[in-house]
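Data block below; observations after.
In UniProt numbering, the protein residues as written are 1 to 169.
Right under this line is the structure:
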């Protein structure tokens with residue numbers, strides 16, 4: 001039986017502009033990559049007009065999708081993201097417009113817990129807690145720095161196994 005250490009925790013609202021900025025930069029990277037065939041067309045292969053149409057269709061599709069996500073999708077993602085820390089596991093819930101998913105990480109499998117923060121996250125005052133197990137690394141983006149440190153300490157304390165733990169602090 002799992003005893004709840006913390007109630008279901010929502011992310012900080014500053015994660016919404018972070019996701020919007022992140023998606024915008026992803027779109028700019030895709031645009032730069034899609035411009036390569038256009039440069040090839042203009043410089044070396046003017047008889048391959050189809051390359052322009054494929055690149056334009058690709059960009060139109062992805063920019064439409066990104067714009068829809070930036071305007072509407074982040075709201076659904078924010079509403080569906082949360083986590084619950086119990087005595088035995090951490091349950092991370094996430095979703096989008098179409099689905100809701102969850103991940104259960106047994107604390108006995110936790111090998112490492114870290115806090116990461118990129119430049120944009122630092123400016124917005126949020127951090128990401130990364131929980132590493134033998135098979136995967138799972139992150140919780142959108143916690144205030146103090147909340148991220150608190151969650152990290154709680155996970156480390158609950159993951160300790162006698163004297164053989166990896167966290168001899």
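Here a beta-carbon is modelled for each residue, glycine too, at the ideal position from N, C-alpha and C. Keep in mind it's a predicted model, so treat the numbers as computed, not measured.
- The beta-carbon distance between residue 40 and residue 52, rounded to whole angstroms, is 10 Å. This is too long to meet the 8 Å contact definition.
- Two segments are said to touch when three or more pairs of C-beta atoms, one from each, lie closer than 8 Å; by this definition the stretch 102-117 touches the stretch 130-140.
- Residue 143 is a Cβ neighbour of residue 126, given a cutoff of 8 Å.
- Counting C-beta atoms within 10 angstroms of its own C-beta, residue 153 has fewer than 16 neighbours from the protein chains shown and is therefore classed as exposed.
- Its chain contains 30, 31, 34 as the residues whose beta carbon lies nearer than 8 Å to that of residue 59, once the 5 sequence neighbours on both sides are disregarded; these appear in chain order.
- Between residue 11 and residue 78 a beta carbon distance of about 7 Å is seen, short of the 8 Å cut, so the two are scored as contacting.
- Rounded to the nearest whole angstrom, the CA to CA distance from residue 139 to residue 120 is 16 Å.
- Around the beta carbon of residue 85, 16 or more other beta carbons lie within 10 angstroms, which makes this residue buried.
- Per DSSP, residue 46 lies in no alpha helix (DSSP H) segment and is marked neither H nor E.
- Secondary structure of residue 117 (DSSP, three-state): coil.
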